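Since the structure comes first, as structure tokens, the remarks are kept for the end.
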Amino acid sequence: MAGRNVRRRVNDSPAVLKFGGSVFADLTGFGEVARYVAARVAADGRPVVVVVSAMSGTTGSLRQVLDQVAPRAPGPAAAMLLTSGETVSVALLA
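Everything in the sequence shown is counted per this note's numbering, starting at 34 for the first residue and increasing by one.
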């Protein structure tokens, strides 16, 4: 393929779907998102990339804990804690 001009069709490109924390205000949101993504893939056959936020209020709560327990936490440690809400959402949606 070296030297050839390879073009991708638009339909081959993945659709990026972003779901914010308000969608996950309660646990029913995970089932709703899963059904929506499955229906979307079935309807158009395109691959999808799903991006999710933490459940509503989670990041703020984690920030309060961090500020109380370790207000001078190093950046990587703070980032690990603050992104754990997204990790939970990914696991629940998988």
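Think of the CB as a built atom: it goes at the ideal place given N, C-alpha and C, for glycine as much as any other residue. Remember, it's a predicted structure, so these values are computed and weren't measured experimentally.
Assigned secondary structure, residue i (DSSP; H/G/I helix, E/B strand, else coil)
i	result
ALA48	strand
Integer-rounded CB distance, given that residue j should sit under 8 Å from residue i
i	j	result
LYS51	VAL84	4 Å
MET88	GLY53	About 10 Å; that fails the 8 Å criterion.
ASP56	GLY62	At residue 56 the sequence reads Val, which differs from the Asp that was named. Contact holds; Cβ gap of about 5 Å.
LEU126	ARG96	23 Å between Cβ atoms; not a contact.
When the options are compared against residue i, the one with the closest alpha-carbon
i	options	result
ASP45	VAL70, PRO80, ARG68, ALA67	PRO80
PRO47	GLY78, GLY64, LEU60, ALA72	GLY78
Residue i, buried or exposed, once every other Cβ within 10 Å from all chains shown has been counted against 16
i	result
SER122	buried
VAL66	buried
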